[in-house]
Amino acid sequence: MTKIRSLRTAALIAVAAGVLAAGLPALNAEAAVGDGTPADSNISFVGRWNKTNASAYVPYWAGAYLRVGFTGRTVKLRQRNTIQLWASIDGRAFTSFTGSGTINLTPTALAAGNHTLIVSYRQVAGSYTGDAVFQGLILESGAATFAPPARPKLVEFVGDSITAGATSSQLAVTDYGFKVGERLGYDHTQIAIGGMCLAETTDGCWAQETRYWMSSGGQAGTDPWDFSRYTADGVVINLGTNDKSHGVSATAFQATYTTFLTRIRARFPNAKLFAMRTFIGRYAAETEAAVRARNAAGDANVFYVDTTGWLPSGGLSDSVHPNDAGHQAITDRLAPILSARLTTTPDPTTPAPTSPDPTTAPTTAAPTAPAGGDCALTYRKTGDWGTGAQFDVTLSNTSTVPVNGWTLTWSLPGSQRITQSWNATVTQSGSAATAVNAAWNAVIPAAGSTSFGFVTDSPLGGATGFALNGSPCAAAT
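Residue numbers (numbering that gives the first Met the number 0): 0 to 476.
Put into C-alpha cells, the structure is as follows:
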C-alpha cells in the first residue's frame with residue numbers, strides 16, 4: 000500500500016514548533032465572544048487541535064475541522080503561510096481554496112443574514128507541506144460569529160490512508176468518515192495517517208496501538224492527547240490493510256486488536272465500537288474474533304462490520320484506495336448501520352470473570368426451549384438504502400423459566416442474502432436463516448429479552464416461520 004505519511008514530515012514539525020514559538024504576527028489573544036479569533040467560544044474545533052497558542056490553532060490528524068456561524072455577507076480566513084483548504088458555507092458543496100495571508104471564502108458576497116461555515120485543512124502528506132495554522136476569521140464591519148447548531152453525537156473514524164481519504168478528490172472531505180458524519184448530522188473526526196498499521200513492527204510501521212493516544216500521532220513529539228477534550232459516542236476502526244506487508248502474524252494481529260478495543264473502551268466507557276473488515280479482506284477473521292473476545296468479556300457494545308461486497312466495480316483508484324464513487328458506496332452502507340446503533344441505548348456491560356481458566360472450555364446448561372407460545376419477537380427494518388437494509392430483532396422470553404442458550408430460525412423472502420450481523424452468529428442456507436446466541440447473551444431470563452441485528456443485500460421485508468429452539472415464536476414485524 001502506498002505510504003502517505005500524513006503530518007510526519009519535518010515540515011509539520013517546523014509548523015508545530017513555529018506555532019509554539021515567538022514570531023507570529025501580533026494578534027489579540029484575548030477573545031471576545033463573536034470576534035472570530037481562535038479563542039472565540041462560538042467556533043467549534045472538532046477533532047484534535049493544538050490550542051497552545053491562543054492566536055494560532057493547529058489541526059492534527061486527518062478530518063479535523065472548524066465549524067461556526069457568522070452574520071453578514073462575507074467571511075475570510077487569516078492564515079500564516081501557504082495552505083490548501085476546503086470550505087462549505089450554508090451546507091453547500093465543499094470548495095477548494097489555496098493561498099496565504101488572507102483567504103477570501105466569499106469572492107461573491109452572500110445574501111445578508113446568518114450563515115454557517117465549515118473549514119477543513121489539507122493534511123500534510125507526501126510532498127505536500129502546507130501550513131495549517133488558523134489565526135482567525137475576518138468579517139465585515141458590524142458582523143459577528145455565533146455558535147452553530149449543536150450536533151448530537153461525535154464519531155471517531157480510526158484508520159490509515161483509506162480513512163484519511165488518500166486518492167479521493169478532496170482527501171479527508173470526500174472520505175467515507177467525513178461523509179458519513181455529515182450525512183448523519185454528527186460531529187466526526189478521522190484519526191488516520193497514511194501507511195499506518197494496527198501493530199507496531201520492527202521495520203518501523205507507524206501503528207495506532209501506540210500513536211492513537213497522541214495529539215499528533217507523534218509527528219510533533221510524543222504528546223499525549225487529553226481525552227477529556229471530547230467524548231466519542233462511536234468509534235469506527237478500519238485497520239489491517241498495511242499490517243500484512245509488515246509481517247504481522249494473524250495471532251499477533253488478533254491479540255493487538257483485542258487489546259486496542261479494550262483500551263479504547265477504557266477511554267470511552269459508553270461508546271459503541273465498530274470494527275470494520277478491511278475492504279480487501281485482510282485479517283477479516285482475526286478482526287471478527289477480536290470483537291467476539293470483547294463480547295465474551297461482557298462488552299455488548301462492540302460490533303463487527305462485514306464490508307464484503309461494499310465496493311462497486313470501479314470503486315478503487317488503485318488496488319487499495321477507494322475513489323469518490325467507492326467512498327460514496329461505503330457511506331451508503333455504513334451510515335444506516337451507525338445511525339441504528341448510535342440512536343439506541345448502550346446495552347449493559349457485564350464484567351469479565353475475575354479468574355478464568357484459559358485451558359478449559361466454558362460449560363453451559365443444555366439449551367432449553369420455552370413452552371409453545373412463551374416466546375415473542377419483534378423483527379423490524381431499521382434502515383433502508385435501496386440496495387440493502389438493516390434489520391433488528393428482539394427476542395422476548397415470556398415464560399417463567401430462563402432460556403439457557405438459544406437458536407432462532409426463520410425464512411427470508413425472495414433471494415435476500417445476509418451480509419453481516421452483530422450480537423449473534425447468523426448463517427444462511429438458501430432462504431433459511433439461523434441466528435445462534437453469542438457467549439454473553441446466551442441466557443434470556445424469565446420475562447427478559449435480548450436482541451441482535453443484521454444487514455441484507457436487499458430491502459425486502461416479509462420474513463416468516465420464526466422458531467426459537469424449535470418452538471414457534473410469535474413475531475411482530
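Yeah, the Cβ is synthetic: ideal placement off N, Cα and C, and Gly gets one too.
Review point. If you follow the alpha helix (DSSP H) that Phe451 is part of, which residue opens it and which one closes it?
Key: Taking the first residue of the sequence shown as position 1, residue 451 is located at position 452. That residue, Phe451, is in no alpha helix (DSSP H); its beta strand (DSSP E) goes Ser448 to Thr455.
Review point. Just the Cα atoms here: how many angstroms apart are Ala446 and Val67?
Key: The residue given as residue 446 occupies position 447 in the sequence shown. The residue given as residue 67 occupies position 68 in the sequence shown. Going from the Cα of Ala446 to the Cα of Val67 covers about 49 Å.
Check your understanding: Cα separation between Pro352 and Thr255?
Key -> If you number the sequence shown from 1, residue 352 lands on position 353. If you number the sequence shown from 1, residue 255 lands on position 256. With a pLDDT of only 35 at Pro352, under 50, the local geometry of the prediction cannot be trusted, and no value is derived from it.
Review point. According to DSSP, is Phe465 helix, strand or coil?
Key: Along the sequence shown, read from residue 1 onward, the residue named residue 465 stands at position 466. Strand, per DSSP.
Exercise for review: Have a look at the DSSP bridge pairing and note the partners of His187.
Suggested key: Position 188 of the sequence shown, counted from the start, is the residue given in the question as residue 187. Paired residue(s): Val154.
Check your understanding: Where Leu260 and Trp48 are concerned, what is the direct C-alpha to C-alpha distance, given to the nearest angstrom?
Key -> Sequence index remark: in the sequence shown, residue 260 carries index 261 (1-based). Sequence index remark: in the sequence shown, residue 48 carries index 49 (1-based). So the two alpha carbons sit approximately 24 Å from each other.
Practice item. Would you kindly work out how many angstroms separate the C-alpha atoms of Gly193 and Glu155, rounded to a whole number? Key: Your numbering for residue 193 matches position 194 in the sequence shown. Your numbering for residue 155 matches position 156 in the sequence shown. Spanning the two alpha carbons is a distance of roughly 16 Å.
Point to revise | Per DSSP, the bridge partner or partners of Ser244 | key: Against the sequence shown, residue 244 aligns to sequence position 245. Ser244 is not bridged to any residue.
Point to revise | Closest Cα partner of Tyr59 within the set Phe252, Ala163, Thr70 and Arg72 | key: For the purposes of this step, residue 59 is taken as residue 60 along the sequence shown, with counting starting at 1. It is Ala163.
**Study point:** Cβ-based burial, Asp202 [other Cβ within 10 Å; buried from 16]
**Key:** The count along the sequence shown starts at 1 and reaches residue 202 at position 203. By the neighbour-count rule (16 or more Cβ atoms within 10 Å), Asp202 is not buried but exposed.
Review point. DSSP three-state call for Gly338: helix, strand or coil?
Key: In the sequence shown, residue 338 corresponds to position 339, counting from 1. Checking the sequence, you will find Ser at residue 338 rather than Gly. Of the three classes helix, strand and coil, the one that applies to Ser338 here is helix, per DSSP.
Check your understanding: How would you label Asp159, buried or exposed, when you count the other beta carbons within 10 angstroms and need 16 or more for buried?
Key -> Against the sequence shown, residue 159 aligns to sequence position 160. Buried, since its Cβ has 16 or more Cβ neighbours within 10 Å.
Review point. Between the beta-carbon of Phe451 and the beta-carbon of Ala473, is there less than 8 Å?
Key: Counting from 1 along the sequence shown, the entry for residue 451 is found at position 452. Counting from 1 along the sequence shown, the entry for residue 473 is found at position 474. In this structure, Ala473 does not lie closer than 8 Å to Phe451 by Cβ.
Practice item. Specify the secondary structure class of Val123 as computed by DSSP and reduced to three states. Key: The residue you call residue 123 lines up with position 124 of the sequence shown. It is coil, neither helix nor strand.
**Study point:** Extent of the continuous alpha helix (DSSP H) run through Phe252
**Key:** By 1-based counting over the sequence shown, the position of residue 252 is 253. Start and end: Ala249 to Arg266.
Practice item. List the endpoints of the continuous beta strand (DSSP E) containing Val234. Key: Here residue 234 refers to the residue found at position 235 of the sequence shown. Per DSSP, Val234 belongs to the beta strand (DSSP E) from Gly233 to Ile236.
Check your understanding: Buried or exposed: which applies to Asp391, given that a residue is buried once 16 or more other Cβ atoms fall within 10 Å of its Cβ?
Key -> Residue numbering aside, residue 391 sits at position 392 when the sequence shown is read from its first letter. Looking at its Cβ environment, which holds 16 or more other Cβ atoms inside 10 Å, Asp391 is buried.
Review point. How many Å lie between Gly216 and Ala149 at the Cα?
Key: As a first step, residue 216 must be located in the sequence shown, where it is residue number 217. As a first step, residue 149 must be located in the sequence shown, where it is residue number 150. Straight-line Cα distance between these residues: approximately 28 Å.
Check your understanding: What does DSSP give as the partner residues of Asn396 in its beta bridges?
Key -> Reading the sequence shown from its first residue, position 397 is the one you call residue 396. According to DSSP, which records beta bridges pairwise, Asn396 is partnered with Cys374.
Check your understanding: Looking at the structure shown, is Thr51 part of a helix, part of a strand, or coil, going by DSSP?
Key -> Translated into the one-based positions of the sequence shown, residue 51 becomes position 52. Three-state DSSP puts Thr51 in a strand.
Exercise for review: Measure the C-alpha to C-alpha separation of Ile263 and Asp373 and round it to an integer number of angstroms.
Suggested key: The residue given as residue 263 occupies position 264 in the sequence shown. The residue given as residue 373 occupies position 374 in the sequence shown. Cα to Cα, the separation comes out at about 40 Å.
Exercise for review: Identify which residue in Gln207, Leu197, Phe96 and Leu76 has its Cα closest to the Cα of Phe252.
Suggested key: Within the sequence shown, the letter at position 253 stands for residue 252. Phe252 has its Cα closest to that of Leu197, out of Gln207, Leu197, Phe96 and Leu76.
**Study point:** CA-to-CA distance, Ser395 to Leu136, given in whole angstroms
**Key:** The residue labelled residue 136 in the question sits at position 137 within the sequence shown. The residue labelled residue 395 in the question sits at position 396 within the sequence shown. Straight-line Cα distance between these residues: approximately 56 Å.
Review point. Where Gln207 and Gly90 are concerned, what is the direct C-alpha to C-alpha distance, given to the nearest angstrom?
Key: Residue 207 sits at position 208 when you count from the first residue of the sequence shown. Residue 90 sits at position 91 when you count from the first residue of the sequence shown. Each residue's Cα considered, the two are about 32 Å apart.
Check your understanding: Considering only residues of the stretch 403–430, which uninterrupted beta strand (DSSP E) runs meet the minimum length of 3 residues and lie entirely inside it, listed in chain order?
Key -> 406–410, 417–421 and 423–428
Check your understanding: What is the DSSP secondary structure of Gln389, counted as helix, strand or coil?
Key -> For the purposes of this step, residue 389 is identified with residue 390 of the sequence shown, where counting begins at 1. Here Gln389 sits in strand by DSSP.
Review point. For the alpha helix (DSSP H) that contains Ser160, what are its first and last residues?
Key: The sequence position of residue 160 within the sequence shown is 161, counting from 1. From DSSP, the alpha helix (DSSP H) with Ser160 extends over Ser160 to Ala163.
Review point. Is DSSP giving Arg66 helix, strand or coil here?
Key: Taking the sequence shown and counting its residues from 1, one reaches residue 66 at position 67. Strand.
Practice item. Compute the Euclidean distance between the alpha carbons of Ala475 and Gly404, then round it to the nearest angstrom. Key: Within the sequence shown, residue 475 is the residue found at index 476, counting from 1. Within the sequence shown, residue 404 is the residue found at index 405, counting from 1. Computed Cα separation, rounded: 22 Å.
Point to revise | Helix, strand or coil at Arg379 according to DSSP, with G and I counted as helix | key: To locate residue 379, count along the sequence shown from 1; it is residue 380. If DSSP states are grouped into helix, strand and coil, Arg379 belongs with the strands.
Practice item. Over the uninterrupted alpha helix (DSSP H) stretch that includes Ala295, give me the two end residues. Key: Here residue 295 refers to the residue found at position 296 of the sequence shown. That run of the alpha helix (DSSP H) goes Ala283 to Ala295.
**Study point:** Residue range of the unbroken alpha helix (DSSP H) whose run includes Arg210
**Key:** Position 211 of the sequence shown holds residue 210. Note, Arg210: alpha helix (DSSP H), Gln207 to Arg210.
Point to revise | Gly493 versus Gly385, Ala334, Thr307 and Asp34, residue with shortest Cα-Cα distance | key: Within the shown structure, residues of the chain are numbered from 0 to 476, placing residue 493 beyond reach of any answer.
Practice item. Spell out the partners DSSP gives Leu138 in its beta bridges. Key: As a working note, residue 138 is residue 139 in the sequence shown. Looking at the DSSP assignment, Leu138 forms a beta bridge with Val74.
Exercise for review: Counting only the same chain and skipping the five closest in sequence on each side, list residues whose C-beta sits under 8 Å from that of Ser316.
Suggested key: In the sequence shown, residue 316 corresponds to position 317, counting from 1. Excluding positions up to five away in sequence, the list reads Thr166, Ser167, Asn322 and Gly325.
Check your understanding: Exposed or buried, Ser119, counting other C-beta atoms within 10 Å across all chains shown (16 or more means buried)?
Key -> Counted from its first residue, the sequence shown places residue 119 at position 120. It is buried - the Cβ of Ser119 has at least 16 other Cβ atoms within 10 Å.
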